[in-house]
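Beneath this line is the structure, given in structure tokens, with notes to follow.
Numbering (my numbering), first residue to last: 6 to 186.
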């Protein structure tokens, strides 16, 4: 007895395997692509409130100073996007890229010395606290809840050490943004 399948059966089997492989490859490709786009710093920055709009509003604001090359910033992107989705109707979420010289005045104003650095502002735009480095989602949520309620932040000066070193660049003419010489 011959154990080889007939020619038409072999072609049908090969066709089914090829179709299954194409479907699995497409699912894997689109699954990875959607996840990387949906939880990236770029996705978070696109959904963020602009700094100008946030400062003009009476809602509390959380400013994140970040850089695309910052591993801690990238690691927190998924959690921060989830927090923005949960609290975005009550808190402005602002993303300021430290590599953009446009934000030099804000880097100086908020004394940014590590990234990610989070600055929590009440509705009147007074600084209520900061957090530097990788901050667990639960800690961020507790700070946001307190900010919304107008209470003191439970983790107001949190620094965890997992931050990228950052030194704000000085303008080419060596003047600071507030120098009026």
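Built from N, CA and C at the ideal position, the CB exists for glycine as well.
For residue i, report the span of its beta strand (DSSP E) as first-last.
{"i": "residue 66", "result": "66-71"}
For my contact list, residue i and residue j are in at a C-beta cut-off of 8 Å; report their separation, rounded to the angstrom.
{"i": "residue 130", "j": "residue 60", "result": "6 Å"}
{"i": "residue 133", "j": "residue 154", "result": "About 11 Å separates the two Cβ atoms, so there is no contact after all."}
{"i": "residue 81", "j": "residue 140", "result": "7 Å"}
Assuming residue i is part of the alpha helix (DSSP H), what are its boundary residues?
{"i": "residue 52", "result": "46-52"}
So, residue i versus residue j, is the Cβ gap smaller than 8 Å?
{"i": "residue 101", "j": "residue 49", "result": "no"}
{"i": "residue 96", "j": "residue 56", "result": "no"}
{"i": "residue 126", "j": "residue 54", "result": "no"}
{"i": "residue 135", "j": "residue 89", "result": "no"}
{"i": "residue 94", "j": "residue 72", "result": "no"}
{"i": "residue 122", "j": "residue 70", "result": "yes"}
{"i": "residue 138", "j": "residue 77", "result": "yes"}
{"i": "residue 84", "j": "residue 142", "result": "yes"}
{"i": "residue 75", "j": "residue 144", "result": "no"}
So is the beta-carbon of residue i under 7 Å away from any non-hydrogen atom of the ligand MG?
{"i": "residue 83", "result": "As for the ligand MG, it is missing from this structure, which has no ligand bound."}
Note to self: For a minimum of 3 consecutive residues, which ranges assigned as the beta strand (DSSP E) are wholly contained in the region 93-162?
What the structure shows: Look at the region 93-162 and you find these whole runs of beta strand (DSSP E), each 3 residues long or longer: 97-102, 122-126, 132-137.
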